[in-house]
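In the numbering used here, the protein residues as written are 12 to 1150. Cβ atoms here follow ideal geometry from the backbone N, Cα and C, with glycine treated the same way. Please read all numbers here as calculations on a predicted model, not as lab measurements.
So this is what it looks like as structure tokens:
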């Protein structure tokens, strides 16, 4: 079985978090005390981190690579399986299941030469099913690297893996996989494939390394000792030989796959009990937490064995070899661990200036013949060596946003500045014999920028003597986000907050779900149902997302940026939530193979090499990937501040999630995506060749508390009946909204006619215009205006012949088209402002009746005239009939001009609805007349506040501003006008009608202290001085009921907490008389309001909604009391206000 590289199952999970580095670099040679140049060996140094002590199942950290020496299982006493410790096997000759991107003939080092993945344990098997489907099972305790997967210090991770693959299965059918650690039921995709991976463990640092124990691997499968041959000495199997195994905690030491039944009804099934197993039993080793090198001050060096509970440490500091003398005594200092002490170390104090040689070894407690080789480290303590510092202070704690780092140093000669060399990848800086930087070492010349958490390792060198100082480590912790919100019911932070920048306040973004302006989200299992966790939740969602595309050589190269919520398993499940900042660059077959390209983006720059097929696929996921519920790692991802549109974004959003737009927010002022070729396939450096650039980004992000802005379309000409052609202009808010319309009665969509100019209505008859506004992908409700063009004048006739009639004749007039008739008796010309005809007119001698018929369109008939002959006397003149009042409600509740009281309501989504009253206690079908009203905390049907004869609304917003919405008499409103401020101190606002007796509509309001205040209307839409008219009203639900007692004075009705209903009869001067109880049992009602005369009998009524959403009419009796209730509606629970 050849060595092979396995790919990660979870897409690039991991992070570069060097500030949490626990790995230590390998020991290296010390610098010479003097001389003109450094040796070829890298400069010695240390990372200031103690050797951690893991739990019993995890060994200590190997300082040469940063991974635990070993993982242990618990064995199985019932089966006679002893616990076993397996070490990370890095010798490809005996552990062929290992990565391939390193040189096994050279010493291992991170970075530089290390397998990109290796294993403490692995086992796999495969089988072929009847019908040809093939299945493979892979299980492992694996070591790899997070971030982009490159070998790098601080990115070591480790996890328990369970992976299942099926090919050539039956599409869309379920298969059952039984394996040593459980059972999986999985469904094949439409190509007959199954791809399942479960990786659980330390997916990024910092971590305890105990995280893989949360996975399902364990006990480790091993060759069955009852079946020959036996496992090689020191191993639990041989990955090149398939063998029967033991160790399953479920007694399923096999791999079985069951699939759909064949034509005969027999389920397809196959099983194997042969596995390829790799695992090397842990051997004794030892290491130090600080490698040899130059140090400026005294040091404490800790020596630890790989099996600290089973071995003692012997060391010397005088240059002699530690060990046992011929007489059995010990040469050196012996440190014996306490029984079972997994954290045992030998602490060596180094305080003497000069060179100290530390030699040490680990010896088995039970068999001194089992000992490690002798390790040697040389330490030089020299306070006179060059020294350096870094600014800002890395030890000060987390720093907000990218940092400019300055390195400064000193030598023994204050006039001589040292040369400074540094690395940012965790390796020690070093120079060649010629003084040139090696590996990732850079010479420091100017301050440089750090965009994320990074450990800088640096050394100062005296240019006069070549003497090097201590290699210092500066672990910078950089937070590009400032805060992580509390966890929601879904287990993710509810919000993330960035740092902002100069002139820009920080922005807090919600995890955006169920929002049309957040289209970048995974599908829910049932898109027709609301989001719920975990049964109907997306596999990935975003706090922030952005992407940009640049065309290159006939294809598109895409940049993806995001702050993402996802799951560390292949399914949505609790305790698997992860979150990360993502930077991804992808371009397929558009680059020159093996050439290098630079990708500059808002959060930095990447130099990436194309593969042999001309592809570049790069993903960096940094954040909180260990599924522990701690999402603080998101603060240190590369993403932040959040990009946003430069202008025009929907209110409360960074962008609309769909439209490319110029952005701002880059901490480097690189608000673009640029691609340059910088090196040929040969590696030769080129002058940067620009391939493409864009500053257009799609951006998604919803600020906390924002709601999708629903556009509102309006017809500047309301529907109605007209005598002439009409040009109907449509407008919408916001201004960038598009309007689509129809004129055939069908509901419009975005495929309907786009509005660009006023719509002509020229045909006689009825034309229905329906229209919607669409902004940021959100469509408004369908609005409807109906236009009737009638150019024909009505006819007018009378029941008499001729124009002269005898005195005392009762003239009956009639008109076609249901036109209204207006008349005069004084000889003047009748107009629509005159007396409206409603009954026969009896003419006295000498009287002239002149009349005209006017239809709804305004077309007028010719004027008819009838004159009564002069009588002989005795005829009594008849008073003309009194014109029917324009409204019967008494307090101005007629919104559409038909003289009947109407209802207006707002629903929970903020839509405003008109329910036209029919004049007898019912209403016609509702009509939407507005949206966006959920921003109002109180809405009042205020009567005619501006003396134009039309009913108005008054509303208070969350800031306490009071707004007047003047009615247009057709069921709509003119533009709002602010008429007050500071009204958020009021707990109830009602409109009782004319409460002060001056003929103008007033408001009555109650403050938080229970005082009642009168705001007298001025008849111009505003309110005069406030007057206190009562106290102790805190316990009352107040209704502005109008005149309920038929005395011409507006009254108040109120319900107390016991459910009693009280009448407070108005006195006509702004005050009320003593209360009078008019009802009981009203506490079952969730809403009370005074609709005016809704029943059409000339008396003001009450309307109430019960807890079930039923609407009830209580017709007024005219004496302050109400009649029995009558149900007039159901389903009103969805309404927030009823006016």
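Other residues of its chain near residue i: CB distance less than 7 angstroms, five sequence neighbours each side excluded
i	result
residue 771	736, 738
residue 1019	996, 998
residue 690	606, 607, 696, 697
Residue i burial status per 10 Å Cβ neighbour count (16 or more: buried)
i	result
residue 546	exposed
residue 222	buried
residue 873	exposed
residue 954	buried
residue 901	Bear in mind that a pLDDT of 46 at residue 901, under 50, signals an unreliable position, so the model cannot answer this.
residue 875	buried
residue 111	exposed
residue 1048	buried
Reference residue i, options the options, closest by Cα
i	options	result
residue 349	1105, 391, 322	322
residue 490	651, 396, 816, 568	651
residue 974	1102, 981, 959, 993	993
residue 926	942, 907, 966, 944	907
residue 911	816, 1105, 780, 357	1105
residue 748	1045, 177, 659	659
residue 1060	1066, 1049, 1084	1084
residue 799	380, 869, 832	869
Simplified DSSP assignment, three categories, for residue i
i	result
residue 220	coil
residue 995	helix
residue 44	In this prediction, residue 44 has a pLDDT of 28, which is less than 50 and means its spatial position is unreliable; nothing more can be read from the coordinates.
residue 1079	coil
residue 680	coil
residue 969	coil
residue 337	coil
residue 658	coil
residue 836	coil
residue 442	strand
residue 590	strand
residue 1044	coil
residue 133	strand
residue 946	helix
residue 873	coil
residue 829	helix
residue 1142	coil
residue 776	strand
Chain D contact for residue i (CB, 7 angstroms cutoff)
i	result
residue 635	The question asks about chain D, but that chain is absent: this structure has only one protein chain.
Whether residue i touches residue j by CB criterion (7 angstroms)
i	j	result
residue 596	residue 703	no
residue 97	residue 80	no
residue 709	residue 558	yes
residue 415	residue 432	no
residue 606	residue 685	no
residue 1111	residue 1120	no
residue 95	residue 84	yes
residue 1034	residue 1028	yes
residue 576	residue 503	yes
residue 370	residue 333	yes
residue 1030	residue 958	yes
residue 435	residue 441	no
residue 482	residue 439	yes
residue 185	residue 210	no
Nonlocal neighbours in the same chain, by C-beta distance under 6 angstroms from residue i, ignoring five residues either side
i	result
residue 578	587
residue 1037	1024, 1026
residue 1151	For residue 1151 there is no data in the structure shown, the boundaries of the chain being 12 and 1150.
residue 620	607
residue 282	265, 267
residue 1117	1095, 1096
8 angstroms Cβ shell around residue i - same chain, five flanking residues per side excluded
i	result
residue 61	Residue placement at residue 61 cannot be trusted, given a pLDDT of 30 that sits under 50; what the coordinates show is reported in the next sentence. Within the same chain, residue 61 has close Cβ partners 300, 313.
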